[in-house]
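J.:
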Amino acid sequence: MSSLDFDSFSANPGGLLLDNCRLLDGVAGYVERGAVLLKEGRVAFAGAGKDVPQAQAREARKLDLAGLTVMPGLIDCHAHLVYSGFRSLEEVDRSSIEVATLNGALNARKVIDAGYTTIRDVGTIGNVAVAIRDAVAQKRIRGPRIVASGQILCSTAGLGDTLPPHWSKTHGLGCMVDGPHEIRKAVRLQIRNGVDNIKLAASGVEVGPYAYTWMTTFSEGEIAVATEEAHRWGRTVAVHAQSYDSVRFALRAGVDTVEHGTRMDDDSIALFKKSSSIYVPTLCTLFSVLELGQKLNLLPKHREEMAVNEPLWLNSVKLAHAAGVPMAAGGDLGNRYPHGTNARELEFLVRAGMTPLEALRAATSVASLAIKRPLVGMLEAGRMADVLVFDGDPMADIASLQDHGRIVA
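With our numbering applied, the sequence shown has no gaps in its numbers, which climb one by one up to 1166 at the end.
#1: DSSP beta-bridge partners for TYR1036?
#2: How big is the Cα-Cα spacing for ARG790 and GLN811?
#3: Can the beta-carbon of VAL879 be found closer than 9 Å to that of ILE909?
#4: Between GLY883 and VAL1133, which are expected to be in contact by the criterion C-beta below 8 Å, what is the C-beta distance as a whole number of angstroms?
#5: CB ARG866 to CB ARG899, shorter than 9 Å?
#6: Let me confirm a value: ALA1027 is counted as buried when at least 16 other C-beta atoms fall within 10 Å, else exposed. Which label applies?
#7: Can you list, in chain order, the stretches of the alpha helix (DSSP H) that have 4 or more residues and sit fully within the stretch 911–953?
#8: Assess contact between the stretch 1134–1154 and the stretch 1071–1090, defined as three or more Cβ pairs (one per stretch) separated by less than 8 Å. Is contact present?
#9: Whose C-beta lies closer than 7 Å to the C-beta of ALA814 among residues of the same chain, with five residues either side of it excluded?
#10: Would you report the Cα separation of SER841 and ARG1093, rounded to the nearest angstrom?
#11: Figure out for me which residue from GLY798, ALA998, ALA823 and ASN1072 has the closest Cα to the Cα of ALA792.
#12: Would DSSP call TYR1001 helix, strand or coil?
#13: Counting only runs of 4+ residues fully inside the stretch 884–914, write out the alpha helix (DSSP H) ranges in chain order.
#14: What residue range is occupied by the uninterrupted alpha helix (DSSP H) comprising THR858?
#15: One question on the structure: do ARG941 and ILE903 come within less than 9 Å of each other, judged by their Cβ atoms?
#16: Using C-beta distances below 8 Å, list every residue in its chain close to ALA817, excluding the 5 sequence neighbours before and after it, in chain order.
#17: When DSSP labels each residue in this structure, what does VAL788 get in the three-state scheme?
#18: On the DSSP letters alone, give me the boundaries of the alpha helix (DSSP H) that GLY978 sits inside.
#19: Rounding to the nearest angstrom, what Cα-Cα distance links VAL856 and VAL952 in this structure?
#20: Could you round the C-beta distance between VAL1171 and VAL1004 to whole angstroms and report it? I think they count as a contact, below 8 Å.
#21: What would DSSP say about VAL1175, mapped onto helix, strand or coil?
#22: What's the C-alpha gap between GLY806 and ILE889?
#23: Quick one: grab the DSSP three-state call for ASP1023.
#24: Is it buried or exposed, ALA1153, if we count other Cβ atoms within 10 angstroms and call 16 or more buried?
#25: How long is the line joining the alpha carbons of VAL1146 and ARG779, rounded to whole angstroms?
#26: Looking only at its chain, what residues have a beta carbon closer than 8 Å to the beta carbon of ASP1150, apart from the 5 residues adjacent to it on each side?
#27: Which whole-angstrom value is the C-beta distance of THR970 and SER912, which I expect to be below 8 Å?
#28: With a threshold of 8 Å (Cβ to nearest heavy atom), would SER906 be considered close to the ligand NAD?
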């Protein structure tokens, strides 16, 4: 990103007027010859340039953007900052918390340089995501604002049960809990540690040693207890759900987001339509296997499961899209694709049937709903001055957002 500093410009008492731009507000299509007025860290106006209040325009410092695109900073709803590449899970399991923290800080910088100003970290070791969140907020390191989770709450033999029990308590990505009492206590402990979001794994995973994607690892009652307790404390809940029952259980429990949703059917879609939950399909997880193939060094049984999951996953996205289920963008980055390539998820959403505008909404206005951060994700009066200036037309070429050289500010 360039050195154009909106904070210093908008420190001018009259604010900063971004004039003569192509405006994408995060909801509607383009406003040609648009304008955005930033003042005191907030959006004071966003719309057609001809409609800017003239008294405010005269007081503001004006920047003529000559047709550049102005849009909200992008949001990734599903990230793991401690992951750093193809063998990331293995590396995280065997590295120290100190090394994971350093990797997370480096990855945070890659994310902000890619035009993503907000991410939700949905699983870490120790309390690394909270530490990085706070360091960014205190301007000690560069990075996006972070909605932080702790360890992923998993059942015994579930998704995160990959280490000896005595080690996983401090170093594992998963925190193994069984039954309502253990789950409720684990939620409260994470809240004490400062998390914003509770992440549960209600199904297995393609590369799990015990539980696979078609297996459901938490009961409906266990998910409901976690959700009730998290919501009581004002935290959100994201559930890893790749089996049919795990999706249904999560939706009936009232979770905030369903992650992956590999296996969904008409019953799942009907539950979505009755709920306020948002679907985060994480298509980078699927397409990474299709594109990277042997580089991922997956075992044959894991590759076979991904081959089975491919049509199921794409069908789930198709069903959800056709039914108007709200979908938010989250790439599961660091898992296979590296941090900084977050915009690949938008390309894959378009490949799966979304329009470019729908994909952009998934990374802006819908994403802000998913993570319960209403001040970001849209450019309208009263929201945060969280702005991305881009030299290109993402509505014509969604993949252009992957070119960091086009990010002006």
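Idealized CB from N, CA, C, for every residue including glycine.
T.: According to the data block:
#1: VAL1015 and MET1084
#2: 16 Å
#3: Yes; because the gap between Cβ atoms is below 9 Å, this pair is in contact.
#4: Rounded, the Cβ-Cβ distance is 27 Å, inconsistent with contact.
#5: Yes, these two residues count as a Cβ contact at 9 Å.
#6: exposed
#7: 922–928 and 936–949
#8: no
#9: Cβ within range, chain order: LEU774.
#10: 8 Å
#11: Nearest to ALA792 by C-alpha distance, out of GLY798, ALA998, ALA823 and ASN1072, is ALA823.
#12: helix
#13: 885–894
#14: Here the alpha helix (DSSP H) through THR858 covers 854–870.
#15: In this structure, ARG941 lies away from ILE903, with their beta-carbon atoms at least 9 Å apart.
#16: Non-local C-beta neighbours of ALA817 in its own chain, meaning closer than 8 Å and more than five positions away in sequence, comprise ASN769, GLY771, GLY772, LEU773, LEU774, LEU794 and LYS796, ordered along the chain.
#17: If DSSP states are grouped into helix, strand and coil, VAL788 belongs with the strands.
#18: 977–989
#19: Cα-Cα distance, rounded: 21 Å.
#20: Past the edges of the chain, shown from 758 to 1166, lies residue 1171, and the structure says nothing about it.
#21: Outside the modelled stretch of the chain, which goes from 758 to 1166, sits residue 1175, for which no answer is possible.
#22: The straight-line gap from Cα to Cα measures roughly 39 Å.
#23: helix
#24: exposed
#25: Computed Cα separation, rounded: 10 Å.
#26: ARG779, THR826 and SER1157
#27: Actually they are not in contact, since the Cβ atoms of THR970 and SER912 sit about 15 Å apart, beyond 8 Å.
#28: In the structure shown, the ligand NAD is absent, as is every other ligand, since no ligand is present at all.
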